[in-house]
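Student:
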Amino acid sequence: MTAVLETTATAPTVRRLRFEWPEDLEPDWSPQTPELACVANAVSMLMPHVEPYVVRSVRTAIDDLDDGLRAEAEAWVGQETAHHGAHARFNRILLARRPALRRVDRWMALTYRWLGRRSDRFGLAYAAGAETVAFMVARWVDRRSSTLFRGADPTATTLFLWHLAEEVEHKNVAFDVHRAKGGGRPSFALGMVTAMVVMAWFTTLGTLVGLASSRRILHPAAHLRMLGWTLGFWFELGPAMAGAVLAGHHPSAMADPVFLPSWLRCYDPETRTMPEWSMDVARP
Ligand SMILES: [Fe+2]
Ligand SMILES: [Fe+2]
0 MTAVLETTAT
10 APTVRRLRFE
20 WPEDLEPDWS
30 PQTPELACVA
40 NAVSMLMPHV
50 EPYVVRSVRT
60 AIDDLDDGLR
70 AEAEAWVGQE
80 TAHHGAHARF
90 NRILLARRPA
100 LRRVDRWMAL
110 TYRWLGRRSD
120 RFGLAYAAGA
130 ETVAFMVARW
140 VDRRSSTLFR
150 GADPTATTLF
160 LWHLAEEVEH
170 KNVAFDVHRA
180 KGGGRPSFAL
190 GMVTAMVVMA
200 WFTTLGTLVG
210 LASSRRILHP
220 AAHLRMLGWT
230 LGFWFELGPA
240 MAGAVLAGHH
250 PSAMADPVFL
260 PSWLRCYDPE
270 TRTMPEWSMD
280 VARP
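Here it is, written out as structure tokens:
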């Protein structure tokens, strides 16, 4: 089926940020909220598995798209490729410092190898659903960035916030490709739920292994804080996911957060850097 969806949006900007990581990078890079680093590290480990899968899925459709959507999809591929490349470099040091996480990494690889054997149509639905979840994560983090990342390593924080900011910027693209290839609401809902379950499972598993490695698995305060994040996140995510599967819904109808898009505009293409995140640039 060829593309029938007209799009007038401009293509996202590909920013290949340069990050310099010390080989002795501290895996617990958020000392004031150490469990945050464990959660974020688990998410980072997932990226070099999930993002190549969704990129391959969208690439299967790219030749069938109209010129406007094709330009957007190509830029989207560029952004996602930059994301998982940056996470892979971060993860290499993380896994060297936390060898217990390597087994989780292998399970992630097996899971996405299995998903990669599903149909192209499912892959596109998964990509569209995963992108909706990523946008919701970005919106949730945006409002809490100044408390979540208080005292955190600025380079690691910049990696995660740059990634989330671009998830906001390109929130429509995979959904539009899914629709342009004739994908419907039920398959989108299946893709979104599958993406959510896989992400939740591996984030939980990676976080628990990370907490055990940093000897915080028995700290009640860590679990209470994570329970608060989880409940708050699901309280927002549940209704948003339900709304996303309704007929007529389009990701462009979801309100963008405020901080991340404005911070992204500070990217310097000459140096391929962002002003590193700090409490000074965070919203109050
Ligand atoms: Fe991404
Ligand atoms: Fe994305």
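The opening position of the sequence shown corresponds to residue 0 in numbering that gives the first Met the number 0, with each subsequent residue numbered one higher.
Just so you know, even glycine gets a beta-carbon here, dropped at the ideal spot from N, CA and C.
As the structure is a prediction and not an experimental result, all values here were calculated from the model.
1. Please name the residue or residues paired with Pro272 in a DSSP beta bridge.
2. Glu71: beta carbon under 8 Å from a heavy atom of ligand 1?
3. Do you know offhand how far Glu166's Cα is from Arg215's?
4. Applying the 10 Å Cβ sphere with the 16-neighbour rule, what's the burial state of Phe187?
5. Can you grab the Cα-Cα spacing for the pair Gly183 / Pro250, in whole Å?
6. Could you check where the alpha helix (DSSP H) with Met253 kicks off and where it finishes?
7. Drop a sphere of 10 angstroms on the beta-carbon of Thr146, count the other beta-carbons inside from all chains shown, and report buried for 16 or more, exposed for fewer.
8. In angstroms with no decimal places, state the Cα-to-Cα distance between Arg116 and Arg58.
9. Got a sec: does ligand 1 put a non-hydrogen atom nearer than 8 Å to the Cβ of Arg168?
10. State buried or exposed for Leu93, treating a residue as buried only when at least 16 other CB atoms are found within 10 Å of its CB.
11. Here's a check: name, in chain order, each residue in its chain whose Cβ is nearer than 7 Å to the Cβ of Trp276, leaving out the five neighbours to either side.
12. What does the Cβ neighbour count give for Gly181, buried or exposed, with the cut at 16 atoms within 10 Å?
13. Helix, strand or coil for Ile216, going by three-state DSSP, please let me know.
14. Taking C-alpha atoms, which residue in Leu16, Phe234, Met107 lies nearest to Thr80?
15. Hey, Leu114 and Val197: beta-carbon distance below 9 Å or not?
16. Any beta carbon from chain B within less than 9 Å of Phe232's own beta carbon?
17. Thinking C-alpha only, which one of Tyr52, Ala87, Ala10 is nearest Glu19?
18. Within the same chain, show all residues whose beta-carbon is closer than 7 Å to that of Asp119, passing over the 5 residues directly before and after it, in chain order.
19. Roughly how many angstroms separate the alpha carbons of Phe134 and Phe174, rounded to a whole number?
20. Any chance the CB of Gln78 is under 8 Å from a heavy atom of ligand 2?
21. CB-CB under 6 Å to Thr12, same chain, minus the five flanking residues each way: which ones, in chain order?
22. Which of helix, strand or coil does DSSP assign to Ala137?
23. Using the Cβ count rule (16 or more neighbours within 10 Å means buried), how would you classify Gly205?
24. Please identify the residue among Leu45, Thr270, Arg178, Leu24 whose C-alpha is closest to the C-alpha of Ile61.
25. Less than 7 Å between C-beta atoms, sequence neighbours within five positions excluded: which residues of the same chain meet that for His169?
26. Using 9 Å as the threshold, is the C-beta distance between Ala151 and Ser29 below it?
27. In angstroms with no decimal places, state the Cα-to-Cα distance between Tyr266 and Val136.
28. Short check: CB of Glu71 to CB of Thr131, under 9 Å?
29. Which same chain residues, not among the five before or five after Leu236, have their C-beta less than 6 Å away from its C-beta?
30. Please report the distance separating the alpha-carbon of Pro283 from that of Leu45.
Tutor: Inspection of the coordinates gives the following:
1. In the sequence shown, residue 272 corresponds to position 273, counting from 1. For the record, residue 272 in the displayed sequence is Thr; it is not Pro. According to DSSP, which records beta bridges pairwise, Thr272 is partnered with Asp267.
2. As a working note, residue 71 is residue 72 in the sequence shown. No, the Cβ of Glu71 stays beyond 8 Å of every heavy atom of ligand 1.
3. Looking up residue 166 in the sequence shown gives position 167. Looking up residue 215 in the sequence shown gives position 216. Taking the straight line joining both Cα atoms gives about 31 Å.
4. Taking the sequence shown and counting its residues from 1, one reaches residue 187 at position 188. It is buried - the Cβ of Phe187 has at least 16 other Cβ atoms within 10 Å.
5. Taking the sequence shown and counting its residues from 1, one reaches residue 183 at position 184. Taking the sequence shown and counting its residues from 1, one reaches residue 250 at position 251. If I take the Cα positions, the gap works out to 14 Å.
6. Here residue 253 corresponds to residue number 254 of the sequence shown, with the count starting at 1. Where Met253 is concerned, there is no enclosing alpha helix (DSSP H), because DSSP gives it neither an H nor an E.
7. Here residue 146 refers to the residue found at position 147 when the sequence shown is read from its first residue. Classification for Thr146: exposed.
8. For the purposes of this step, residue 116 is taken as residue 117 along the sequence shown, with counting starting at 1. For the purposes of this step, residue 58 is taken as residue 59 along the sequence shown, with counting starting at 1. In this structure, the straight-line span from the alpha carbon of Arg116 to that of Arg58 is close to 15 Å.
9. Position 169 of the sequence shown, counted from the start, is the residue given in the question as residue 168. In the sequence as displayed, the identity of residue 168 is Glu instead of Arg. Glu168 Cβ: outside cutoff for every heavy atom of ligand 1.
10. Translated into positions along the sequence shown, residue 93 becomes position 94. Classification for Leu93: buried.
11. Here residue 276 is taken as the residue at index 277 of the sequence shown, counted from 1. Taken in chain order, the residues that qualify are Phe148, Pro153, Thr156, Thr157, Leu160.
12. Here residue 181 refers to the residue found at position 182 when the sequence shown is read from its first residue. Under a 10 Å Cβ-count criterion, Gly181 is classified as exposed, with fewer than 16 other Cβ atoms of the shown protein chains found around its own Cβ.
13. Residue mapping note: residue 216 aligns to position 217 of the sequence shown, counting from 1. In the three-state DSSP reduction, Ile216 falls in the coil class, being neither helix nor strand.
14. By 1-based counting over the sequence shown, the position of residue 80 is 81. The residue with the shortest Cα to Cα distance from Thr80 is Leu16.
15. The residue you call residue 114 lines up with position 115 of the sequence shown. The residue you call residue 197 lines up with position 198 of the sequence shown. Cβ distance < 9 Å, so Leu114 and Val197 count as in contact.
16. The chain labelled as chain B is not found in the depicted structure, where only one protein chain is given.
17. Locating residue 19 in the sequence shown gives position 20, where the first residue counts as 1. Nearest C-alpha to Glu19: Ala87.
18. Against the sequence shown, residue 119 aligns to sequence position 120. For Asp119, where only same-chain residues beyond five positions count, the Cβ hits under 7 Å are Ser56, Thr59.
19. Along the sequence shown, read from residue 1 onward, the residue named residue 134 stands at position 135. Along the sequence shown, read from residue 1 onward, the residue named residue 174 stands at position 175. Near 12 Å, if we compare the C-alpha coordinates of Phe174 and Phe134.
20. Counted from its first residue, the sequence shown places residue 78 at position 79. Relative to the non-hydrogen atoms of ligand 2, the Cβ of Gln78 comes within a distance shorter than 8 Å of at least one.
21. Stepping through the sequence shown from its first residue, residue 12 is reached at position 13. For Thr12, where only same-chain residues beyond five positions count, there are no Cβ hits under 6 Å.
22. Position 138 of the sequence shown, counting from 1, holds the residue named residue 137. For Ala137, the three-state secondary structure derived from DSSP is helix.
23. Position 206 of the sequence shown, counting from 1, holds the residue named residue 205. Gly205 is buried by the Cβ-count criterion.
24. On the sequence shown, residue 61 is found 62 positions in, with the first residue counted as 1. Ranking the options by Cα distance to Ile61, first place goes to Arg178.
25. As a first step, residue 169 is located in the sequence shown; it is residue number 170 there, counting from the start. Around His169: Pro11, Trp75, Gln78.
26. Here residue 151 corresponds to residue number 152 of the sequence shown, with the count starting at 1. Here residue 29 corresponds to residue number 30 of the sequence shown, with the count starting at 1. Result yes, Cβ atoms of Ala151 and Ser29 sit closer than 9 Å.
27. The sequence position of residue 266 within the sequence shown is 267, counting from 1. The sequence position of residue 136 within the sequence shown is 137, counting from 1. Taking the CA atoms as reference points, Tyr266 sits about 22 Å from Val136.
28. For the purposes of this step, residue 71 is identified with residue 72 of the sequence shown, where counting begins at 1. For the purposes of this step, residue 131 is identified with residue 132 of the sequence shown, where counting begins at 1. Taking 9 Å as the Cβ cut-off, Glu71 and Thr131 do not qualify as a contacting pair.
29. Here residue 236 refers to the residue found at position 237 when the sequence shown is read from its first residue. Result list for Leu236: Met135, in chain order.
30. Sequence index remark: in the sequence shown, residue 283 carries index 284 (1-based). Sequence index remark: in the sequence shown, residue 45 carries index 46 (1-based). For Pro283, the predicted structure reports a pLDDT of 43, less than 50, and the residue's modelled location is therefore unreliable. A value from the coordinates is still provided. Pro283 and Leu45 have their C-alpha atoms some 30 Å from each other.
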